[in-house]
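First to last, the sequence lines map onto chains A and B. So for the first sequence, the UniProt record's numbering puts the first residue at 1; every next one is plus one. So for the second sequence, the UniProt record's numbering puts the first residue at 1; every next one is plus one. Where a beta carbon is used, it is the ideal one built from N, C-alpha and C, also for glycine.
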Amino acid sequence: MPYFKTSVEWYDQSSLLLKARPTSTRISSKYTVLKPTSSKIKKRQQYAAKQASKPAGTTRTSSPPPQSQNPEEVTVTFTLKTYDPESGTCLQYETNKGAEVGRLIGNLGRLGRHMAALPETLEDISAPTGAEGVSTPRLDESGDVKIGGLPTDPKAGASTGGKKKKKGKK
Amino acid sequence: MGRDHLSNDEFFAQLNNLFEHTRTKGHGSVYLTQKRLTFESSSTPPTPTKLADDPLWDTHPEQPLPILIRVSNNKSDKRPGTDRKDVEKVKLSTIVKPDELDVFYARYAEACKAGMSGLKKRDKKKAKKVRKKKKGGEAKV
Chain A
1 MPYFKTSVEW
11 YDQSSLLLKA
21 RPTSTRISSK
31 YTVLKPTSSK
41 IKKRQQYAAK
51 QASKPAGTTR
61 TSSPPPQSQN
71 PEEVTVTFTL
81 KTYDPESGTC
91 LQYETNKGAE
101 VGRLIGNLGR
111 LGRHMAALPE
121 TLEDISAPTG
131 AEGVSTPRLD
141 ESGDVKIGGL
151 PTDPKAGAST
161 GGKKKKKGKK
Chain B
1 MGRDHLSNDE
11 FFAQLNNLFE
21 HTRTKGHGSV
31 YLTQKRLTFE
41 SSSTPPTPTK
51 LADDPLWDTH
61 PEQPLPILIR
71 VSNNKSDKRP
81 GTDRKDVEKV
91 KLSTIVKPDE
101 LDVFYARYAE
111 ACKAGMSGLK
121 KRDKKKAKKV
131 RKKKKGGEAK
141 V
């Protein structure tokens with residue numbers, strides 16, 4: 001399964017997977033610090049040298065050139081993975097931005113509510129029975145289709161669109 | 001698993017240690033995993049049992065279930081020619097009760113934000129400067 005481009009996409013798909021298979025699905029996140037290998041350092045040095053020689057000829061770029069990277073700088077990534085061993089579904093997202101961590105852990109918390117079989121958010125408590133009544137038959141469909149691919153997207157988007165807008169406003 | 005689960009407070013203390021360790025070492029990984037607690041124990045409510053005639057047996061349990069959180073690092077061995085040292089595998093686990101979930105995740109987010117300091121920071125100064133320049137230019141025109 002390829003990596004998703006946005007964390008929102010990852011969250012949407014993961015929540016669908018968790019709804020379908022709440023018991024077997026697990027979410028693992030990995031925080032990695034990697035020292036570059038010697039070949040990587042060499043590559044970076046070469047790249048830096050290339051960049052340094054370039055701007056002399058092309059001065060049209062108005063923005064200042066990106067800060068030169070220390071060739072021995074460590075590579076730090078944060079990877080999220082939702083995996084369901086029963087169906088083999090694997091959803092991944094990777095980032096290297098520190099600003100995203102808080103939001104991603106918040107997402108983990110919200111997905112945790114699915115795992116714990118709690119209502120999705122506190123706001124939903126106002127109409128829990130109605131929402132469940134609507135969502136259970138839909139689960140029936142998505143549970144089957146989900147394994148094949150991602151054709152259930154539009155339905156899911158329609159069902160959860162309202163809630164997401166609320167979250168975005170916060 | 002022979003080890004006991006840690007209490008939430010103890011878990012956070014150890015998690016911070018683990019992040020600190022990775023930071024000082026400058027190399028390594030921290031794995032965080034969460035899943036529904038599915039085995040029966042005296043302190044937890046019984047998990048939903050599999051029913052043959054209901055394919056969605058686990059989607060609607062009678063009671064909210066606790067969540068199991070596991071944390072580990074990567075074990076590494078000493079290697080000649082590098083400065084790598086022996087690192088013991090550290091494994092932590094804790095159980096979050098459904099009613100404590102929100103509180104736990106608030107703390108979890110704080111701990112992770114503090115611990116994952118190696119990730120790229122937002123370049124606020126640069127962005128502001130560029131914006132100001134653009135705005136100023138437009139205003140003059």
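query	result
Near-chain B residues of the segment 83-115 of chain A - C-beta to any C-beta below 7 Å	N96, K97, G98, A99, V101, G102, I105, G106, L108, G109, G112, R113 and M115
is_contact[I41 of chain A, chain B] using C-beta, thresh 8 Å	no
Range covered by the beta strand (DSSP E) that runs through D84 of chain A	T75 to D84
Supposed contact pair K35 of chain A and G26 of chain B - C-beta distance, whole angstroms, cut 8 Å	7 Å
Neighbouring residues, chain B, relative to T6 of chain A (Cβ below 7 Å)	Per Cβ cutoff of 7 Å: no residues; T6 of chain A is ~17 Å from chain B at best.
Listed by chain order, chain B residues near L34 of chain A by CB distance under 8 Å	H27
Same chain only: Cβ atoms within 6 Å of Y31 of chain B, ignoring 5 sequence neighbours per side	S72
Simplified DSSP assignment, three categories, for R36 of chain B	strand
For F4 of chain A: DSSP bridge partner residues	A:Y93
Range of the contiguous alpha helix (DSSP H) that encloses S53 of chain A	S38 to S53
Limits of the alpha helix (DSSP H) - the one that L18 of chain B falls within	N8 to K25
Beta carbon of P98 of chain B nearer than 8 Å to that of A49 of chain A	no
Distance between Q46 of chain A and A109 of chain B (C-alpha atoms, nearest Å)	39 Å
Chain B contact residues for Y31 of chain A, given Cβ-Cβ distances below 7 Å	S29, V30 and M116
Through-space distance from S38 of chain A to I105 of chain A, alpha-carbon basis	34 Å
Those residues which DSSP pairs with S28 of chain A across a bridge	A:K81 and B:T33
Cβ contact (3+ pairs, closer than 8 Å) linking the segment 3-22 of chain B and the segment 3-18 of chain A	no
G115 of chain B - partner residues in DSSP beta bridges	For G115 of chain B, which the question treats as bridged, DSSP gives no partner whatsoever.
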